[in-house]
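**Q**
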Amino acid sequence: MKKIFLVRHGESEWNKLKMIQGQSDLPLTDLGRSQAGKIAKRLKSEKIDIIYSSDLKRAVETAQIIGKELNLNVSPDKRLREIDFGPWEGKKNKDILLKYPKEYTTWLQKSYKFKIDGAETLMEVQNRTMSFVNETLDKNPDKNILIVSHNVAIKSMILGILNIDIVSYNNISLDNVSLTIIEFGDYNKILKLLNDTCHLRED
Numbered sequence: 001m002k003k004i005f006l007v008r009h010g011e012s013e014w015n016k017l018k019m020i021q022g023q024s025d026l027p028l029t030d031l032g033r034s035q036a037g038k039i040a041k042r043l044k045s046e047k048i049d050i051i052y053s054s055d056l057k058r059a060v061e062t063a064q065i066i067g068k069e070l071n072l073n074v075s076p077d078k079r080l081r082e083i084d085f086g087p088w089e090g091k092k093n094k095d096i097l098l099k100y101p102k103e104y105t106t107w108l109q110k111s112y113k114f115k116i117d118g119a120e121t122l123m124e125v126q127n128r129t130m131s132f133v134n135e136t137l138d139k140n141p142d143k144n145i146l147i148v149s150h151n152v153a154i155k156s157m158i159l160g161i162l163n164i165d166i167v168s169y170n171n172i173s174l175d176n177v178s179l180t181i182i183e184f185g186d187y188n189k190i191l192k193l194l195n196d197t198c199h200l201r202e203d
C-alpha cells in the first residue's frame with residue numbers, strides 16, 4: 001500500500017528559546033541536526049521514493065539530512081511552510097498571553113476559530129497544504145512520499161487526508177522529528193503511526 005510519511009523538523013533555535021516561529025526562517029540547533037540524523041537512520045528501512053519539504057531552513061535542513069541517508073534529493077515547496085503567525089512571531093508565549101489574552105486562549109482551545117490581523121487562519125493553512133498533497137498524490141499515484149514540514153502544517157494535513165473536521169486540531173500533538181504514517185488502501189486511508197519519536201531513545 002502507498003504511504004505518506006510526515007516528519008516534523010528537528011529542534012530549531014527558536015524552539016530552544018520557546019519563541020513563536022511561524023514563517024520566520026530559523027536554522028536547526030546542533031541537537032536538531034542530531035535528531036534529524038536519528039530519524040534518517042530509522043527511515044532507511046522504509047521504502048521511500050520521494051522527499052518533499054517546506055522551503056524554510058529548519059525543514060529543508062532536516063529533509064537534506066534524511067535525504068543524504070536515503071540517497072534521495074529534496075524538493076522544497078512553500079505550500080508546506082508553517083502557519084504565518086504575523087505579529088506573534090519572535091515573541092514568547094507569556095508575552096503573547098499578556099498582549100493577546102483572548103486570541104491566545106482561542107488558539108490553545110479552539111484553534112479553528114483563531115483570527116488576528118496579519119496572521120493566517122487554520123483553514124488557510126489547511127487549504128494550501130492540502131493543495132500540495134492532492135497535487136503530489138495525483139502526480140505520484142504509486143509512490144511512497146516523505147514530507148518534512150512543521151507542527152501546524154502537518155496537523156492540518158493529517159486532518160485533511162483523513163477527512164477529519166478541523167475542529168479536532170487541538171486533539172493532536174506533534175514533537176520535533178516525530179514520525180506520522182498514513183497508509184492508502186483501496187477503500188480508505190489509515191493512520192498507522194502518530195507522533196512517534198522512538199528513534200530519539202536509541203543510542
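Mapping to UniProt numbering: the sequence shown position 36 is 36, numbers consecutive.
C-beta atoms are modelled at their ideal positions from N, C-alpha and C, and glycine is treated no differently.
(1) If you drop the 5 nearest sequence neighbours on each side, which residues of the same chain put their C-beta closer than 7 Å to that of methionine 19?
(2) I need the boundaries of the beta strand (DSSP E) containing serine 54, first residue and last residue.
(3) Out of curiosity, what's the CA-to-CA distance linking isoleucine 145 and asparagine 170?
(4) In whole angstroms, give me the CA-to-CA distance for aspartate 175 and aspartate 186.
(5) Do glutamate 135 and isoleucine 83 have their C-beta atoms closer together than 9 Å?
(6) So, are the CB atoms of isoleucine 158 and leucine 6 less than 9 Å apart?
(7) If you run the structure through DSSP and keep just helix, strand and coil, what is glycine 84?
(8) Hey, aspartate 55 and aspartate 77: beta-carbon distance below 9 Å or not?
(9) Pick from Cys198, Met123 and Asn188: whose alpha carbon is nearest that of valine 167?
(10) Can you check the segment 145-189 for any beta strand (DSSP E) of at least 3 residues that lies completely inside it and give the ranges in chain order?
(11) Grab me the residues of proline 87's own chain with a C-beta within less than 6 Å of its C-beta, minus the 5 sequence neighbours each way, in chain order.
**A** Walking through what the data contain:
(1) The residue given as residue 19 occupies position 19 in the sequence shown. Gly90, Lys91 and Lys92, listed in sequence order.
(2) Residue mapping note: residue 54 aligns to position 54 of the sequence shown, counting from 1. Taken as a continuous stretch (DSSP letters only), serine 54 belongs to no beta strand (DSSP E), as it is neither H nor E.
(3) If you number the sequence shown from 1, residue 145 lands on position 145. If you number the sequence shown from 1, residue 170 lands on position 170. Rounded to the nearest angstrom, the gap between the Cα atoms of isoleucine 145 and asparagine 170 is 25 Å.
(4) For the purposes of this step, residue 175 is taken as the residue at position 175 of the sequence shown. For the purposes of this step, residue 186 is taken as the residue at position 186 of the sequence shown. Taking the straight line joining both Cα atoms gives about 30 Å.
(5) The residue you call residue 135 lines up with position 135 of the sequence shown. The residue you call residue 83 lines up with position 83 of the sequence shown. In this structure, isoleucine 83 does not lie closer than 9 Å to glutamate 135 by Cβ.
(6) Mapped onto the sequence shown, residue 158 falls at position 158. Mapped onto the sequence shown, residue 6 falls at position 6. Closer than 9 Å, so yes.
(7) Along the sequence shown, one-based indexing puts residue 84 at 84. The sequence shown places aspartate at residue 84, not glycine. Three-state DSSP puts aspartate 84 in coil, outside helix and strand.
(8) Start at 1 with the first residue of the sequence shown, and residue 55 comes out as number 55. Start at 1 with the first residue of the sequence shown, and residue 77 comes out as number 77. Yes, the Cβ-Cβ distance between aspartate 55 and aspartate 77 is below 9 Å.
(9) What you label residue 167 is simply residue 167 of the sequence shown in a count that begins at 1. Taking only the C-alpha atoms, the option nearest valine 167 is Met123.
(10) 145-149 and 179-184
(11) One-based indexing of the sequence shown puts residue 87 at position 87. Excluding sequence neighbours, proline 87 sits near Gly118.
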